[in-house]
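This report refers to the structure that appears directly beneath it.
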Amino acid sequence: MVMDVMAAAARIEAAGGRVIHMEVGQPAAPAPATAIAAARAALVSGRVGYTETLGIPTLRARVARHYQEAYDIAIDPARVIVTTGSSAGFILAFLALFEPGDRVAIALPGYPPYRHILTALGCEPVAIETTRATRWAITPEMLLTAHRRAPLKGALIASPANPTGTMMTGEALRDLVAAADDAGIRFISDEIYHGLDYAFAPETAARLSDDAVIINSFSKYFCMTGWRIGWMVAPEPLVRPIDRLQGNLAISVPTLSQVAAEAAFDGRAEMEAVKHGYELNRRILLEGLPKAGFENILPVDGAFYLYADVASFCADSFAFAQRMLEETHVAATPGVDFDPRQGRHFIRFCYAGAAAEMREAVERIGAWLKT
Ligand SMILES: Cc1ncc(COP(=O)(O)O)c(C=O)c1O
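Just so it is clear: in the sequence shown, position 206 is 206 by my numbering, and no numbers are missing.
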């Protein structure tokens with residue numbers, strides 16, 4: 001559906017209209033200058049060859065150090081695996097952990113590729129619907145109820161989440177990881193939006209269980225979507241199987257992107273400034289959208305998403321997003337992409353753009369809804 005919205009936005013732009021893009025979930029800012037400089041230096045040095053399958057050792061060590069700095073936990077660099085974005089991390093984790101037919105719990109609403117990758121690999125995604133009652137998170141009870149119905153092999157959770165922008169508290173995550181571990185359900189934690197938190201600091205599943213698989217990426221906090229670079233922290237027994245899988249599937253991860261990623265950690269001050277921009281955008285939307293008439297907005301804890309209920313305006317969020325685009329030239333994503341059922345009532349705004357655009361979007365939408 002977001003593709004339809006993007007195509008409609010492109011038509012408006014081709015006809016001379018100016019669209020405010022809040023539909024695509026990626027930062028507007030470039031990668032840190034440190035990353036770009038390191039990639040440029042590596043490029044002019046000449047040869048760009050394969051690297052070690054699990055990643056350049058200094059990058060793996062740098063990622064491990066990041067856990068010490070950000071979460072105050074020691075991670076053995078041998079458990080860090082560099083991947084082609086978190087997207088490749090999911091494929092590797094699923095291939096290493098699951099067999100065709102295995103059932104894996106995911107939250108609804110949620111990031112659609114989880115279920116699509118699982119399905120492509122012959123696994124069965126088990127969607128667990130979340131609601132306001134649990135802050136849009138899966139609880140141990142919900143997980144174990146699904147497990148009793150038919151055994152689950154895994155559970156994949158994101159916090160901060162896409163599309164909702166909600167986060168699990170450290171306590172809620174700890175209880176869920178413990179319940180999964182006790183039941184023999186492998187916990188996979190998508191931590192791609194870590195670093196982009198506004199309400200409280202996120203907890204990493206790496207602290208909570210040695211059996212959990214942590215998936216992360218340079219795409220969001222470090223603004224490196226197109227560099228296609230991410231990482232996993234895997235339980236020690238999984239490292240060798242994943243090494244063999246990645247070696248056969250891809251040989252190694254793009255070398256320049258690895259060099260850039262290592263240097264990205266030195267660009268944190270620049271990325272913190274980008275994050276402050278998201279914080280300002282978040283404030284603009286949180287003040288403006290309720291005034292415009294949006295009465296039910298999910299907790300805007302992290303990432304750069306705001307998930308808003310549009311049921312009081314229209315029974316179909318796709319139709320709402322289409323009309324909003326046609327009449328205000330503001331593009332947002334209908335929730336049906338993330339949740340085939342409840343998503344009919346929601347749209348997702350991405351606030352990773354410029355503050356001036358956020359203000360203008362709120363004004364345009366407010367004026368439109370008053371007419
Ligand atoms: C929750 C979530 N996980 C994973 C990804 C994939 O990101 P990448 O492959 O760029 O690391 C995205 C991208 O939007 C996402 O929203």
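For every residue, glycine included, the Cβ atom is placed at its ideal position computed from N, Cα and C.
| Check | Outcome |
| --- | --- |
| Nearest to G293 (by Cα), restricted to the options S252, L208 and I365 | I365 |
| Buried versus exposed call for D72 [16 or more other C-beta atoms within 10 Å across all chains shown] | exposed |
| Exposure of Y351, with buried meaning 16 or more beta-carbon neighbours within 10 Å | buried |
| Per-residue DSSP class, three states only, for Y351 | coil |
| Sequence ranges, beta strand (DSSP E) only - wholly within the segment 58–136, length at least 3 | 80–83, 103–108 and 124–129 |
| Spatially closest choice to A263 from G25, L144, A9 and A38, by CA coordinates | A38 |
| Candidates A155, A33 and G195: closest to F187 by CA position | A155 |
| Host beta strand (DSSP E) of I377 (start-end) | Here the chain comprises residues numbered 1 to 371, so residue 377 is not present and cannot be evaluated. |
| The segment 23–33 / the segment 237–246 touching (three or more Cβ pairs under 8 Å) | no |
| Simplified DSSP assignment, three categories, for F320 | helix |
| I188 Cβ short of 7 Å to ligand 1 heavy atom set | no |
| Where V5 falls, given that 16 or more other Cβ within 10 Å makes a residue buried | buried |
| Touch test, the segment 297–309 against the segment 154–169, Cβ-Cβ under 8 Å, three pairs minimum | yes |
| For V48, three-class secondary structure by DSSP | coil |
| Stretch-stretch touch, CB-based, cutoff 8 Å, three pairs: the segment 52–61 with the segment 207–221 | no |
| CB contact flag (L95, L121, <8 Å) | yes |
| Bounding residues of the beta strand (DSSP E) (the contiguous stretch that carries S189) | R186 to D190 |
| Simplified DSSP assignment, three categories, for G230 | strand |
| Check whether Y198 and R282 have beta carbons under 8 Å apart | yes |
| Nonlocal neighbours in the same chain, by C-beta distance under 8 Å from P290, ignoring five residues either side | I297 |
| Supposed close pair P125, Q342 - CB separation, criterion 8 Å | Wrong, their Cβ atoms sit about 17 Å apart, outside the cutoff. |
| Cut-off 6 Å between Cβ atoms - residues of its own chain near T34, not counting five sequence neighbours on either side | A263, D266 and G267 |
| Any 3 or more C-beta pairs closer than 8 Å across the segment 83–91 and the segment 176–186 | no |
| Cα-Cα separation between A41 and V48, rounded to whole angstroms | 11 Å |
| Contact shell at 6 Å, judged by CB to any heavy atom of ligand 1, ordered along the chain | G25, G85, S86, S87, Y111, A158, N162, D190, I192, S217, S219, T225 and G230 |
| Reference P235, options I106, R132, A146 and A212, closest by Cα | A212 |
| For A250, the nearest candidate out of A78, T83, H66 and D181 (CA to CA) | T83 |
| A178 in three-state terms, based on DSSP | helix |
| Start-end ranges of the beta strand (DSSP E) lying completely within the segment 238–304, minimum 3 residues | none |
| Cβ neighbour criterion (16 or more within 10 Å) applied to T145 | exposed |
| Alpha-carbon spacing of T139 relative to D175, whole angstroms | 8 Å |
| Boundaries of the beta strand (DSSP E) in which I157 is found, first to last residue | G154 to A158 |
| Neighbour-count burial assignment, S312, 16 or more Cβ in a 10 Å radius | exposed |
| Within 8 Å, strictly: CB atoms of L152 and V104 | yes |
| Backbone CA spacing between G101 and T333 [nearest angstrom] | 32 Å |
| Residues that DSSP places opposite A308 in a beta bridge | I297 and I347 |
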